[in-house]
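S.K.:
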Amino acid sequence: MDWLDPLLLSRWQFGLTTVYHFLFVPLTIGMVVTVAIYQTAWYRTGKPIYLQLTHFFGKIFLINFAIGVATGIVQEFQFGMNWSDYSRFVGDVFGAPLAFEGIVAFFLEATFIGLWIFGWDKLPKGLHLATIWITAAGSIASAYFIIAANAFMQNPVAFQMNPEKGRAELTSIGELLTNPIALAAFPHTLFACFMVSSGLIISVAAWHLYRNQHLETMRPALKLGLWMMVISGILTTLMGDQLSLAMVDAQPMKMAAAEALYHTATGANASFSIFTLGTPDGVSELFSIRVPYLLSLLSTHSFDGTVEGINNLQAQYVQLYGPGDYTPIIWVTYWSFRWMIALGLLHVFIAVVGLWVTRKGRSPKSRWVWKVAIWSFPLSLGAMIVGWVFTEMGRQPWLVFGLLKTADGVSPGVSGLEVLISLVAFTLIYGVLAVVEFKLIIRAVQKGPDPLPEPHPESGELAPRATVY
């Protein structure tokens, strides 16, 4: 293996920077909605506890948002620097949703988040509340445009090829934004983001309750986090089922690779393996724990449905696209798919147990219960990360499925050494940012909610100043 191969290093660089950026995205989306909910509760009830929780989790949201923006900008530069052939090939299509994301969604977020931060003592309560909801809408819209752009890579639609220029050109922005993959992936991703934010709320509240601190605010915060985790976990699972159907329709090889299914199977033979041990090349199975019919049910919503195997699909793709290996790395797709499911379900299970042991105002006596809650935060976040790895690695060797291979999208004029230098530089910078982010959030979490401000001398209402941030 050539360790200075520009293609290999470019893939590693984009993968690492994307995973790093993805640490912040789900927490930002989930947390801004949580903050908006708390502020709405304060607006409707006037209870000071909701104002404290708004500010407390608002600080965490702002810290995460700032770092997330800084890390996300780097990714777009990589399209031109490391993947110029890809950019030339799909720029007319891929650039449209990215333009919407930048011009509409991001500026919506940037404008109204500023109004929210500095408008506490300057805007009417109702108008100020609207600013955080508009910020949330901008974050959600931003996610949709990014998912729509990625969906084109999974399932190319709304384009025509220009043979003279050798590139894909957009034919319908509406069709692009309603790509079946985007429509299925968006709610699945959105509810998964709520799982991540719920996990943070659970861990933070459990940390304070374990130490008998801020009981009046952290008890309701824990309850909200637990219920949000259970509800969003169920919805994530249901939407994931719809995404699997769309995936099988657009990329049957990805589902076959997720199960390491080499031979086409039907009904009871289309079983889902919970755990498998195989030969190093992944071709032969040594031992497995299987659930009959489950793969058929997941893939076709039928107990006797047929699931195409890797070997059959490989032969079809050779006929369609010419000689080559069209199989992704099986062990990556197989285990990332299972880790995604396992980590998410484990977090939901912990939340269900948490609701049971805290029912009717009970407080668990075992320190292990609290420690599990405190350290459970990475579960949903890890599930989202390995889910992204499965989505992208399962598409290989295609950069745009059926149109452009990954090997054909890398910049021809960039050397491996140049990519390596930038990869090392990004890794060091991101490492520093990670330390800064971690310390700022830990400091905000350990400090806990700020004391309530003094009531306004004339109205008597609690109208905190922007300086609390």
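End of the sequence shown sits at 468 in numbering that gives the first Met the number 0; the numbers just go up one at a time, nothing left out. In this text, a Cβ means the ideal position worked out from N, Cα and C, and glycines have one as well.
Where I180 and W82 are concerned, what is the direct C-alpha to C-alpha distance, given to the nearest angstrom?
M.R.: Distance between the alpha carbons of I180 and W82: 23 Å.
S.K.: Using only CA atoms, which one of L7, T170, V423 and P25 lies nearest to F193?
M.R.: Measuring from the Cα of F193, the nearest candidate turns out to be P25.
S.K.: Name the two residues that bound the continuous alpha helix (DSSP H) containing A142.
M.R.: K124 to Q153 is the span of the alpha helix (DSSP H), which, as asked, contains A142.
S.K.: Please state the DSSP three-state secondary structure of E100.
M.R.: E100: helix per DSSP, three-state reduction.
S.K.: Report the residue from L15, S9, L6 and L7 whose alpha carbon sits nearest the alpha carbon of T426.
M.R.: Ranking the options by Cα distance to T426, first place goes to L15.
S.K.: Where does K222 fall in DSSP's three states?
M.R.: DSSP places K222 in helix when its eight states are reduced to three.
S.K.: Fully enclosed by the segment 0-44, which alpha helix (DSSP H) runs are 4 residues long or longer?
M.R.: With a minimum length of 4 residues, the continuous alpha helix (DSSP H) runs that stay inside the segment 0-44 are 5-21 and 24-44.
S.K.: Check whether the Cβ atoms of T357 and L221 lie closer than 8 Å to each other.
M.R.: Yes.
S.K.: By Cβ distance below 6 Å, which residues in the same chain neighbour G57 in space, the five residues on each side in sequence not counted?
M.R.: Once the five neighbours on either side are set aside, the close Cβ partners of G57 are V34.
S.K.: For G29, does the count of other Cβ atoms within 10 angstroms reach 16, so buried, or fall short, so exposed?
M.R.: Label assigned to G29: buried.
S.K.: Which residues share a DSSP beta bridge with F271?
M.R.: DSSP, once it has assigned bridges, lists V290 as partnering F271.
S.K.: Skipping 5 residues on each side, what residues in its chain have a beta carbon closer than 8 Å to that of A167?
M.R.: The residues are F88, V89, D91, V92, P155, F158, Q159, M160, N161, V399 and L402.
S.K.: Between E100 and I172, how many whole angstroms is the CB-CB distance? I'm expecting something under 8 Å.
M.R.: Not confirmed; about 13 Å, so no contact.
S.K.: How about V306 and L294: are their beta carbons less than 8 Å apart?
M.R.: Result yes, Cβ atoms of V306 and L294 sit closer than 8 Å.
S.K.: Just to confirm, are F111 and I133 a CB contact at a threshold of 8 Å?
M.R.: Yes, Cβ-Cβ distance for F111 and I133 is below 8 Å.
S.K.: Give the straight-line distance between the Cα atoms of M339 and L169, rounded to the nearest whole angstrom.
M.R.: Cα to Cα, the separation comes out at about 33 Å.
S.K.: Taking 8 Å as the threshold (C-beta atoms), are G67 and H127 in contact?
M.R.: Taking 8 Å as the Cβ cut-off, H127 and G67 do not qualify as a contacting pair.
S.K.: Could you tell me whether the segment 253-264 touches the segment 320-334, where touching means 3 or more Cβ pairs closer than 8 Å?
M.R.: Counting Cβ pairs under 8 Å, three or more are found: they touch.
S.K.: In three-state terms, what does DSSP make of Q159?
M.R.: Of the three classes helix, strand and coil, the one that applies to Q159 here is strand, per DSSP.
S.K.: Are there three or more Cβ pairs, one per stretch, closer than 8 Å when the segment 426-444 is compared with the segment 101-121?
M.R.: No, they do not touch.
S.K.: Within the continuous beta strand (DSSP E) that includes L169, where are the two ends?
M.R.: Run containing L169: R166 to L169, per the beta strand (DSSP E) assignment.
S.K.: Would you kindly work out how many angstroms separate the C-alpha atoms of T236 and S414, rounded to a whole number?
M.R.: Going from the Cα of T236 to the Cα of S414 covers about 43 Å.
S.K.: Hey, how far is the Cα of V331 from the Cα of R366?
M.R.: Looking at the two C-alpha atoms, the distance is approximately 36 Å.
S.K.: Mind checking Y320: buried by the 16 CB within 10 Å criterion, or exposed?
M.R.: Label assigned to Y320: exposed.
S.K.: Under the three-state reduction of DSSP, which class applies to A264: helix, strand or coil?
M.R.: A264 falls in the strand class under three-state DSSP.
S.K.: Would you say the segment 204-214 touches the segment 241-252, given that touching needs at least three Cβ pairs under 8 Å?
M.R.: With a cut-off of 8 Å, the segment 241-252 and the segment 204-214 do not count as touching, because too few Cβ pairs lie within range.
S.K.: Is DSSP giving T466 helix, strand or coil here?
M.R.: Low confidence applies here, because T466 scores a pLDDT of 44, under 50, leaving its location unreliable and the question unanswered by this model.
S.K.: Would you mind working out which of Q74, G323, V73 and T27 sits nearest I59, comparing C-alpha positions?
M.R.: Checking every option, the nearest Cα to that of I59 belongs to T27.
S.K.: What beta strand (DSSP E) runs, 3 residues minimum, are completely inside the segment 299-376?
M.R.: Listed in chain order, nothing qualifies, since the segment 299-376 has no complete beta strand (DSSP E) run of 3 or more residues.
S.K.: Tell me L403's beta-bridge partners as DSSP assigns them.
M.R.: DSSP output for L403 lists V399 as bridge partner(s).
S.K.: Write down every uninterrupted run of the beta strand (DSSP E) in the segment 49-82 whose length is 3 residues or greater and which is fully enclosed by it, in chain order.
M.R.: Whole beta strand (DSSP E) segments, 3+ residues: zero.
S.K.: Kindly indicate which residue of V317, R289, M238 and I201 has the alpha-carbon position closest to the one of M252.
M.R.: Minimum Cα distance to M252 is reached at V317.
S.K.: Of all the options R394, V423 and S272, which has the alpha carbon lying nearest to the alpha carbon of S287?
M.R.: Among R394, V423 and S272, the Cα nearest to that of S287 is on S272.
S.K.: Under the assumption that L380 contacts V203 (Cβ atoms under 8 Å), give the Cβ distance between them as a whole number of angstroms.
M.R.: Not quite, the Cβ-Cβ distance comes to about 14 Å (not below 8 Å), so this is no contact.
S.K.: Nearest CA to the CA of G386: which residue from L22, S9 and L8?
M.R.: If we check each option's Cα against that of G386, L22 comes out closest.
S.K.: Is G173 helix, strand or coil when you go by DSSP?
M.R.: Correct three-state label for G173: helix.
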